[in-house]
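Below: one structure, written as structure tokens.
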């Protein structure tokens with residue numbers, strides 16, 4: 070058990086990456102309004 074199982078390492082990396090992507094997606098969805106990708110100029114004008 071001293072040597073790590075390659076499958077476990079790959080699974081751990083994949084799970085961590087998936088978690089990061091999901092958390093980033095939630096953060097981005099919470100920050101940006103739904104119409105932002107469609108009207109970036111309007112959004113910039115409203116913020117600026």
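Numbering (the numbering used here), first residue to last: 70 to 117.
Yeah, the Cβ is synthetic: ideal placement off N, Cα and C, and Gly gets one too.
By the three-class DSSP mapping on this structure, what secondary structure does residue 73 have? If you number the chain shown from 1, residue 73 lands on position 4. Coil.
Counting only the same chain and skipping the five closest in sequence on each side, list residues whose C-beta sits under 8 Å from that of residue 93. As a position in the chain shown, residue 93 is number 24, starting the count at 1. Excluding sequence neighbours, residue 93 sits near nothing in its chain.
In angstroms, rounded to a whole number, what distance separates the CA positions of residue 95 and residue 88? Sequence index remark: in the chain shown, residue 95 carries index 26 (1-based). Sequence index remark: in the chain shown, residue 88 carries index 19 (1-based). When only Cα atoms are considered, residue 95 and residue 88 end up about 11 Å apart.
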